[in-house]
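Each remark here refers to the structure printed beneath this line.
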Amino acid sequence: MENHELVGKICVPLIASDESALFSMIDEAIMSGADILEWRVDYYPFQALEEIDRLLTLIQMKIGTVPLIVTYRSVAEGGKGTACLDDYCYFCDGVVSHPTVTYLDVEWTKWKTVAKYSSIYNHLGKIILSKHDWTLGIEERQIQKMIQAMQRVQPAIMKVAVTPKDVNEGEELERMRKAYVFPNETSSSALLLIGMGEWGRNLRISGHRWGNPWTFASLSNHEASAPGQLTVRELQELWRKGEDF
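In my numbering, the protein residues as written are 979 to 1223.
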């Protein structure tokens, strides 16, 4: 019998650079048992927002009721995106209202500008506020302050990804995830706390036990969108075995 305590939701990033590869990845991800898909638009060399709109409509026909996250991750936060801030705001404003989009990832460092120059506040139930810190080492106080600031916006999801430098910091990050309770009496937002790199691996595997709404997993080792990301097959096998991590 399957132990549901050990089984979480898997989100597969789609990092295709052309339309054919994108739809092939979608098919493969759905076949793999992915619960959620994330289209990493920063990997896709589009020329106009109308192209994204067209592809989102086609994606809807492929995925049915599978939730879709749309993300344009900047180079500064570990992605491929080089758009200026004005173009980023235009992208977010144009994408967030599309019916195919379940969630739109908005980088925390750009939030104030995006909120000021777009209709994004009308769609907070679709917003993932995200921050990816590639600096080696974690600071609990800084993480707490960031979560508190995000909480005041009341997005659907607060996503904080940090990079523990050793096993002790990895365990500290797990302790923090266990201690944070979201949603709670004062916040409707969920918290997705991620450890990147080798020492964040256990949190990727077991974070759903302590409240993470999902974990990211790639279709293969060479298609990972962040360091430390397991493959769907690896993650499913670990959950199936029910091992302690």
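Note that beta-carbon positions come from the ideal geometry of N, C-alpha and C, so glycine has one too.
With respect to the beta strand (DSSP E) encompassing residue i, which residues constitute its N-terminal and C-terminal limits?
i, result
"Asp1083", "Tyr1081 to Glu1085"
"Arg1018", "Ile1014 to Arg1018"
"Ala1139", "Ile1135 to Thr1141"
"Gly1173", "Ala1168 to Gly1173"
"Leu1102", "Here Leu1102 belongs to no beta strand (DSSP E), and DSSP marks it neither H nor E."
"Ile988", "Ile988 to Leu992"
"Thr1049", "Leu1046 to Thr1049"
Should residue i be listed as close to the ligand MN, given that the test is whether its C-beta is under 8 Å from any heavy atom?
i, result
"Lys1123", "Annotation note on the ligand MN: not contained in the displayed structure, which lists no ligands."
Alpha helix (DSSP H) containing residue i: first to last residue?
i, result
"Thr1035", "Leu1027 to Ile1041"
"Trp1217", "Val1210 to Lys1219"
"Leu1107", "Premise fails: Leu1107 lies in the beta strand (DSSP E), Ile1105 to Leu1114, not in any alpha helix (DSSP H)."
"Ile1121", "Glu1118 to Val1131"
"Leu1181", "Arg1179 to Ser1184"
"Leu1197", "Neither: Leu1197 is in no alpha helix (DSSP H) and is coded neither H nor E."
"Ser1010", "Glu997 to Ser1010"
Beta-carbon within less than 8 Å of residue i's beta-carbon, same chain only, minus the 5 sequence neighbours each way: which residues are those?
i, result
"Pro1191", "Lys987, Ile1135, Ala1168 and Leu1170"
"Glu1147", "Gly1115, Ile1116 and Trp1177"
Take residue i as the anchor and find which of the options has the nearest alpha-carbon.
i, options, result
"Val1053", "Gly1178, Leu1151, Arg1018 and Phe1001", "Arg1018"
"Ala1139", "Arg1218, Ala1204 and Ser995", "Ala1204"
"Leu1036", "Arg1051, Asp1065 and Pro1077", "Pro1077"
"Arg1179", "Glu1212, Lys1219, Asn1162 and Ser1198", "Glu1212"
"Leu1107", "Lys1137, Leu1151, His1186 and Gln1025", "Lys1137"
"Thr996", "Ile1183, Ile1121 and Ile1004", "Before going further, note that residue 996 is Asp rather than Thr in the sequence given. Here the closest residue by C-alpha is Ile1004."
"Trp1188", "Glu1201, Glu1215, Glu1152 and Gln1214", "Glu1152"
Rounded to the nearest angstrom, what separates residue i and residue j at their Cα positions?
i, j, result
"Thr1193", "Thr1141", "16 Å"
"Thr1209", "Phe1001", "19 Å"
"Val1079", "Asp1013", "15 Å"
"Trp1217", "His1101", "34 Å"
"Leu1063", "His1110", "17 Å"
"Asp1020", "Gly1103", "23 Å"
"Thr1113", "Ile1172", "14 Å"
"Asp1083", "Asp1071", "12 Å"
"Val1073", "Cys1067", "10 Å"
"Thr1087", "Glu1055", "10 Å"
"Leu1034", "Trp1089", "23 Å"
"Met1039", "Val1159", "36 Å"
"Tyr1081", "Ile1183", "22 Å"
"Met979", "Asp1031", "Note that Met979 has pLDDT 28, beneath the 50 cutoff, so the model's placement of it is unreliable and the number below is only indicative. Roughly 43 Å between the two C-alpha positions."
"Glu1150", "Arg1130", "25 Å"
"Ser1198", "Ala1007", "11 Å"
"His982", "Gly1059", "Reliability fails at His982, whose pLDDT of 41 lies under 50, so the model's placement of it is uncertain and the value that follows must be treated cautiously. For His982 and Gly1059, the distance between alpha carbons rounds to 37 Å."
"Phe1223", "Asp1144", "For Phe1223, the pLDDT reaches just 49, beneath the cut-off of 50, and the residue's location in the model is therefore unreliable, leaving the point undetermined."
Skipping 5 residues on each side, what residues in its chain have a beta carbon closer than 6 Å to that of residue i?
i, result
"Met1174", "Ala1139, Thr1141, Ala1204, Pro1205 and Gly1206"
"Met1128", "Leu1107 and Met1136"
"Ala1026", "none"
Would you call residue i buried or exposed, if buried means 16 or more other Cβ atoms sit within 10 Å of its Cβ?
i, result
"Lys1123", "exposed"
"Ala1195", "buried"
"Ala1157", "exposed"
"Ser1097", "exposed"
"Met1154", "buried"
"Thr1049", "buried"
"His1186", "buried"
I'd like the list of long-range same chain contacts for residue i, defined as Cβ closer than 7 Å, with 5 residues on each side in sequence excluded.
i, result
"Tyr1099", "Ala1093"
"Pro1133", "Leu1102, Ile1105, Ile1106, Leu1107 and Ser1167"
"Pro1023", "Ser995"
"Pro991", "Glu1016, Arg1018, Phe1194, Ser1196 and Ser1203"
Check the Cβ-Cβ distances between residue i and every residue of chain C, and say whether any is below 9 Å.
i, result
"Val1092", "No chain C is present in this structure, which holds just one protein chain."
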